[in-house]
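Engineer:
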Amino acid sequence: MGIKLTNYLQQSLGASYNSIMYCMRSPLARRQFLKLATRLPPLPHRSVAASPRWKSDKHSPEAEATPAEASALIYPAPATTQHDNLASFASYAERTGLDATSTVYVGTHYEYTVAASLARYGITLRRVGGARDRGTDLLGTWTLPDATGGSSSALRVLVQCKAGAGQRVGPQHMRELEGARAGAPPGWRGDDVLAVLACERAATKGVREALGRSRWPMAYVFCEGGGGGGGGGAVRQMLWNNKAEESGLAGLGVGTRHVGEGENEDTELVLTRKGRALPFVGG
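Quick note: the sequence shown uses UniProt numbering, first residue 1, plus one each step.
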């Protein structure tokens, strides 16, 4: 029997193919059957869309987004259309007379500050926080840089922000972040999504231990507030656990370098790979 005809019959008959072939041991019966089969109309053409490639095949296709797929992620509708970055929020606050000491102002301002500050490290974020954010303030992707300044894969990221330098952050907030993963939008679910806790103070010993114990890819960022042109917004600390390394951060390190001179001298956090500082996105 020809290969093409065999393939045709297997597609047409499915699981019944082997049973029919077994029953027709008589050469005459088989010849009659094949004669009739060659008169069957061709199978309709079925167009199958190419399946996206995912880093993990143990879960749904939401497990990992490649750079091309990251652009196709569907973001939830923003909580408001009145502002979408620090500059537009500052204009909105001035126009509406929003109290700069209010919880809404402080929280929203810090969320935009974190988004603007992390953009330098290749993390592109959108603010989605609101009354029904389920613990997620920012969503986006981290296009991981290589040693030459190019980019490799894109890791999906969700961020929870804790504004206020006086706010104490403990292990319970890492557990709260794990809960935010479960309530994340469809495009940000899966074992390979990096959940980040951004705060205005360095991680305590308890936070570092909770970060290390987590079975999910998790990270902690100490980002100063006041990123609205007042010299704030500097990223002072960036930590992640082993699961985050397994999900795409392997080989990536963190270092510091001196910038400025005299009274303006300061240090800034940089990402490293193979001991070399990686350039900031946008210079």
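Note that beta-carbon positions come from the ideal geometry of N, C-alpha and C, so glycine has one too.
Just so we're clear, the structure is a prediction, and the values are computed from it rather than from any experiment.
In chain order, what residues of the same chain have a beta carbon less than 7 Å from the beta carbon of Thr108, not counting five sequence neighbours either side?
Structural biologist: Locating residue 108 in the sequence shown gives position 108, where the first residue counts as 1. Excluding residues within five positions, the ones whose Cβ falls inside 7 Å are Phe89.
Engineer: Could you tell me whether the region 155-163 touches the region 203-214, using the rule of 3 or more Cβ pairs below 8 Å?
Structural biologist: Too few Cβ pairs lie closer than 8 Å, so no.
Engineer: What first and last residue would you give for the beta strand (DSSP E) that runs through Leu278?
Structural biologist: Within the sequence shown, numbered from 1, the residue matching residue 278 stands at position 278. Leu278 -> no beta strand (DSSP E), and no H or E assigned at all.
Engineer: Just mark Arg46 as buried or exposed, buried being the case when its beta carbon has 16 or more other beta carbons within 10 Å.
Structural biologist: Translated into the one-based positions of the sequence shown, residue 46 becomes position 46. Bear in mind that a pLDDT of 40 at Arg46, under 50, signals an unreliable position, so the model cannot answer this.
Engineer: If you measure between the beta carbons of Leu98 and Gly187, is that distance less than 8 Å?
Structural biologist: Within the sequence shown, numbered from 1, the residue matching residue 98 stands at position 98. Within the sequence shown, numbered from 1, the residue matching residue 187 stands at position 187. Contact flag unset, no.
Engineer: Determine the burial state of Thr103: buried for a count of at least 16 other Cβ atoms within 10 Å of its Cβ, exposed for fewer.
Structural biologist: Looking up residue 103 in the sequence shown gives position 103. Under this definition Thr103 is an exposed residue.
Engineer: Rank Leu269, Ser247, Leu252 and Gly122 by C-alpha distance to the C-alpha of Pro234 and give the top, closest one.
Structural biologist: By 1-based counting over the sequence shown, the position of residue 234 is 234. Correcting the residue type first, residue 234 is Ala in the shown sequence and not Pro. Minimum Cα distance to Ala234 is reached at Leu269.
Engineer: Per DSSP, what are the beta-bridge partners of Ala195 in this structure?
Structural biologist: For this step, residue 195 is matched to residue 195 along the sequence shown. Ala195 is bridged to Leu158 and Met218.
Engineer: Could you round the C-beta distance between Arg276 and Thr267 to whole angstroms and report it? I think they count as a contact, below 8 Å.
Structural biologist: For the purposes of this step, residue 276 is taken as the residue at position 276 of the sequence shown. For the purposes of this step, residue 267 is taken as the residue at position 267 of the sequence shown. Contact flag wrong, Cβ pair sits at about 18 Å.
Engineer: Rounded to whole angstroms, how far is the Cβ of Thr136 from the Cβ of Gly170, which I believe are closer than 8 Å?
Structural biologist: As a position in the sequence shown, residue 136 is number 136, starting the count at 1. As a position in the sequence shown, residue 170 is number 170, starting the count at 1. About 20 Å separates the two Cβ atoms, so there is no contact after all.
Engineer: Would you list, in sequence order, the uninterrupted alpha helix (DSSP H) runs of no fewer than 4 residues that lie entirely inside the region 159-188?
Structural biologist: Entirely contained in the region 159-188, the alpha helix (DSSP H) runs reaching 4 residues are, in chain order, 171-182.
Engineer: Compare the beta carbon distance of Ala244 and Met218 with 8 Å and say whether it is the shorter of the two.
Structural biologist: Translated into the one-based positions of the sequence shown, residue 244 becomes position 244. Translated into the one-based positions of the sequence shown, residue 218 becomes position 218. Contact flag set, yes.
Engineer: Distance, Cα to Cα, Gly251 vs Gln167?
Structural biologist: Looking up residue 251 in the sequence shown gives position 251. Looking up residue 167 in the sequence shown gives position 167. Looking at the two C-alpha atoms, the distance is approximately 32 Å.
Engineer: CA-CA distance, Ala79 and Gly129?
Structural biologist: Against the sequence shown, residue 79 aligns to sequence position 79. Against the sequence shown, residue 129 aligns to sequence position 129. Taking the straight line joining both Cα atoms gives about 6 Å.
Engineer: Leaving out the 5 sequence neighbours to the left and right, which residues in its chain are closer than 7 Å to Leu177 when beta-carbon positions are compared?
Structural biologist: Position 177 of the sequence shown, counted from the first residue, corresponds to residue 177. Here the set comprises Gln160, Ala195, Leu197 and Met218.
Engineer: Quick one: measure Cβ to Cβ for Thr105 and Leu86, integer angstroms, because I've assumed they're closer than 8 Å.
Structural biologist: If you number the sequence shown from 1, residue 105 lands on position 105. If you number the sequence shown from 1, residue 86 lands on position 86. A quick correction: the sequence has Tyr, not Thr, at residue 105. Actually they do not touch by this definition, with Cβ atoms about 12 Å apart.
Engineer: According to DSSP, is Leu98 part of a helix, a strand, or is it coil?
Structural biologist: Taking the sequence shown and counting its residues from 1, one reaches residue 98 at position 98. Three-state result, Leu98: coil.
Engineer: Tell me whether residue 284 is buried or exposed, calling it buried when 16 or more other Cβ atoms sit within 10 Å of its Cβ.
Structural biologist: Given that the chain is displayed from residue 1 to residue 283, the structure contains no residue 284 and the question cannot be resolved.
Engineer: Can the beta-carbon of Gly255 be found closer than 8 Å to that of Thr272?
Structural biologist: As a working mapping, residue 255 is identified with position 255 in the sequence shown. As a working mapping, residue 272 is identified with position 272 in the sequence shown. Yes.
Engineer: Taking C-beta to C-beta, are Arg126 and Leu144 nearer than 8 Å?
Structural biologist: On the sequence shown, position 126 is the one that residue 126 refers to. On the sequence shown, position 144 is the one that residue 144 refers to. In this structure, Leu144 does not lie closer than 8 Å to Arg126 by Cβ.
Engineer: Looking at Val221: is its Cβ nearer than 8 Å to the Cβ of Ala119?
Structural biologist: Residue numbering aside, residue 221 sits at position 221 when the sequence shown is read from its first letter. Residue numbering aside, residue 119 sits at position 119 when the sequence shown is read from its first letter. No, the pair does not count as a contact, with Cβ atoms beyond the cut-off.
Engineer: Relative to the alpha-carbon of Ala100, which residue among Gly262, Arg175, Gly226 and Ala180 has its alpha-carbon at the smallest distance?
Structural biologist: Working through the sequence shown from its first residue, we reach residue 100 at position 100. Closest by alpha carbon: Gly226.
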